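Asks: Questions regarding the structure given below will be posed in turn.
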Amino acid sequence: MRIGADGTPSHDRDIRQHLPIVHEAMHHVTHMTVRNRGTFGGSVAHADPATEVPMMTRFLGGTVIASSQRGRREIPAADFFVGSLVSSLEPDEFVIRVELDAMRPDAGWGFEEFAKRHGDFALACFASTLHCVDGRASDVRVGMMGVGETPLRLEEIEGIIEGTDVSEPVLDTVADRLAGILTPNTDIHASADYRRHLSGVLAKRALRAAWSRANHERLQAR
117 MRIGADGTPS HDRDIRQHLP IVHEAMHHVT HMTVRNRGTF GGSVAHADPA
167 TEVPMMTRFL GGTVIASSQR GRREIPAADF FVGSLVSSLE PDEFVIRVEL
217 DAMRPDAGWG FEEFAKRHGD FALACFASTL HCVDGRASDV RVGMMGVGET
267 PLRLEEIEGI IEGTDVSEPV LDTVADRLAG ILTPNTDIHA SADYRRHLSG
317 VLAKRALRAA WSRANHERLQ AR
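Its first residue numbered 117, the sequence shown is counted upward by one per residue in this note's numbering.
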């Protein structure tokens, strides 16, 4: 799915239909004025690791299309975000659009974010999409923000969930492993230990929601 750099996705009907997790994430973007005027391309180029648009771009296998007098360049999101507020854009390049993988209609999804006040930067955020095939999780994707120097796609966590029934013991394993692999910063807003604990709590909530939606869509399709 293509999103123009000047797009304001909080009001985009196609995003609501084909990328409902992005639509949900947009409700957490600061305040109404920013959601109405801020652009998808601007947020991607800003590359803030604690904001929703870069996270969704990384999480959904995005490709950033950049342009300059030298021509156009396609940059996978995995290579685009290289540090806090740092991207791989060259000085003469600008973002013209972002391409994301659309979600299948039978996908389950969950998005959980925690900030001290609505509109503040997230202390941690966990997102997941998955499908239910014969009672087991399939095509699992997991992303996080607020807990690293870039938005994260956590393939190790995806591997823990893949093929399971997303039971409480599985969720406990996910939370324990997150505590072991995440290296968030301590700052004036929260300690690293708090962010690790919070990540496990948000992961469980998001995965429960994703699994519930996936099962609902499977039953509806019968």
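Virtual Cβ for every residue (Gly too), placed ideally from N, Cα, C.
All values derive from a computational prediction rather than experimental measurement.
Mark residue 198 as exposed unless 16 or more other C-beta atoms lie within 10 angstroms of its C-beta, in which case mark it buried.
Replies: By 1-based counting over the sequence shown, the position of residue 198 is 82. Counting Cβ neighbours within 10 Å, residue 198 comes out exposed, since fewer than 16 surround it.
Asks: Please report how far the alpha carbon of residue 211 lies from the alpha carbon of residue 172, in whole angstroms.
Replies: On the sequence shown, residue 211 is found 95 positions in, with the first residue counted as 1. On the sequence shown, residue 172 is found 56 positions in, with the first residue counted as 1. Approximately 16 angstroms between the Cα atoms of the pair.
Asks: Using the Cβ count rule (16 or more neighbours within 10 Å means buried), how would you classify residue 129?
Replies: Taking the sequence shown and counting its residues from 1, one reaches residue 129 at position 13. Exposed, because fewer than 16 other Cβ atoms sit within 10 Å of the Cβ of residue 129.
Asks: Taking residue 227 and residue 238 to be in contact with their CB atoms under 8 angstroms, please state how far apart those CB atoms are, rounded to whole angstroms.
Replies: In the sequence shown, counting from the first residue as 1, residue 227 sits at position 111. In the sequence shown, counting from the first residue as 1, residue 238 sits at position 122. No, residue 227 and residue 238 are not in contact; Cβ-Cβ is about 11 angstroms, not under 8 angstroms.
Asks: Are the beta-carbon atoms of residue 282 and residue 323 separated by less than 7 angstroms?
Replies: One-based indexing of the sequence shown puts residue 282 at position 166. One-based indexing of the sequence shown puts residue 323 at position 207. Taking 7 angstroms as the Cβ cut-off, residue 282 and residue 323 qualify as a contacting pair.
Asks: Would you list, in sequence order, the uninterrupted beta strand (DSSP E) runs of no fewer than 3 residues that lie entirely inside the region 168–221?
Replies: Runs of the beta strand (DSSP E) inside the region 168–221: 179–184, 187–192, 197–199, 210–215.
Asks: When burial is assigned at 16 or more other CB atoms within 10 Å of the CB, is residue 164 buried or exposed?
Replies: By 1-based counting over the sequence shown, the position of residue 164 is 48. By the 10 Å Cβ count, residue 164 comes out buried.
Asks: Taking its Cβ as the centre, do 16 or more other Cβ atoms sit within 10 Å of residue 131, making it buried, or is it exposed?
Replies: For the purposes of this step, residue 131 is taken as residue 15 along the sequence shown, with counting starting at 1. Buried is the call here.
Asks: Between the alpha carbons of residue 313 and residue 241, how many angstroms are there, rounded?
Replies: As a working note, residue 313 is residue 197 in the sequence shown. As a working note, residue 241 is residue 125 in the sequence shown. Distance between the alpha carbons of residue 313 and residue 241 is about 12 angstroms.
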